[in-house]
Structure formats: structure tokens, C-alpha cells
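So the sequence shown is numbered by this note's numbering: it starts at -11 and just counts up by one. In this text, a Cβ means the ideal position worked out from N, Cα and C, and glycines have one as well.
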Amino acid sequence: MAKADAGNLADVIMKELREYRELKNEEMEEIAKEVAAEGRKKLKATSPRGSGSRKGHYADGWSVKAVKSGNGKFSFTIHNRKKPGLTHLLEKGHQLQQGGRAEAYPHIKKVEEWCNKEYERRVKARLGR
């Protein structure tokens, strides 16, 4: 902590607050990265596996993408890099070409909700709330 006198007290306080904010942002980003990695593992385990020669391509395609923007903002997106167009069709079901509907396999929503709750829980635990 810097030495403060009456003339630069406000500057010293602002500097300390910026350092504290950067430290907390780093911790929150680390928590988000951990939760996203665990969410990817959960999706990999719970995703439907195809039959035949394509067995497991969809389930093995889950990946985490990190995006950082200015002012300490960040996000982690879990996406399927191998079969991106299949996620909505499997999650919601779809109309079949020969008639009827394909059964829905809701597997993404549960993991999304778990990730959101787990991130909030870990941030509160780590930051002492």
C-alpha cells in the first residue's frame, strides 16, 4: 500500500480499489474457466452417441471457447465443434423427412443450469459472501 497524505489520499484509494477489482476479476475468471471445463466434461458424458461408423463424434465434439473483451469482461462458451448444427435438433427434437418427429434428447439445458448455479455458488464461496 502506498503512503498517503492529504493531497493524494483519493489517488491512493482509487489505486487500491483498482488493484482489488483486478484481483477479484482474475479469481472470477478462474472460477468460470473451471466450471466451463467441468460443464464440457458433463456434456461429453451425457450427450447421445450415434450408431454405426459415426459413433461418438457428436459427444466427443464439445469444446470451450474463451472470449475476453475490455474492462475485465470475459465469457466462456461451451460449443460442439464437430457437429454444431446437431445440438438444437437433438435438444429439441425435429420433424423427420419420412414423417413423424424425432425424439428430443434434452442434455444441454441441464448442464447449462448446473454451470450457472455452480459458478454463482463458487463465486460466493471464494469471495466470502
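Residue span of the alpha helix (DSSP H) that contains residue i, given as start and end
{"i": "His95", "result": "It is not in any alpha helix (DSSP H) - His95 carries neither H nor E in the DSSP assignment."}
{"i": "Lys80", "result": "74 to 80"}
Straight-line Cα distance separating residue j from residue i
{"i": "Asn68", "j": "Leu74", "result": "9 angstroms"}
{"i": "Leu78", "j": "Tyr8", "result": "44 angstroms"}
{"i": "Ala20", "j": "Ser63", "result": "8 angstroms"}
{"i": "Glu14", "j": "Ala90", "result": "44 angstroms"}
{"i": "Gly27", "j": "Pro94", "result": "15 angstroms"}
{"i": "Val23", "j": "Asn(-4)", "result": "41 angstroms"}
{"i": "Trp50", "j": "Glu10", "result": "30 angstroms"}
{"i": "Glu101", "j": "Pro36", "result": "19 angstroms"}
{"i": "Gly38", "j": "Ala92", "result": "14 angstroms"}
Terminal residues of the beta strand (DSSP E) in which residue i lies
{"i": "Asn13", "result": "Run containing Asn13: none in the beta strand (DSSP E); it sits in the alpha helix (DSSP H), -3 to 34."}
Simplified DSSP state of residue i, which is helix, strand or coil
{"i": "Asn59", "result": "coil"}
{"i": "Lys71", "result": "coil"}
{"i": "Arg89", "result": "strand"}
{"i": "Lys43", "result": "coil"}
(message) Between the segment 69 to 88 and the segment 41 to 56, can you find at least three pairs of beta-carbon atoms closer than 8 angstroms?
(response) yes
(request) Specify whether the segment 79 to 90 and the segment -6 to 4 touch according to this definition: at least 3 beta carbon pairs, one from each stretch, less than 8 angstroms apart. (result) no
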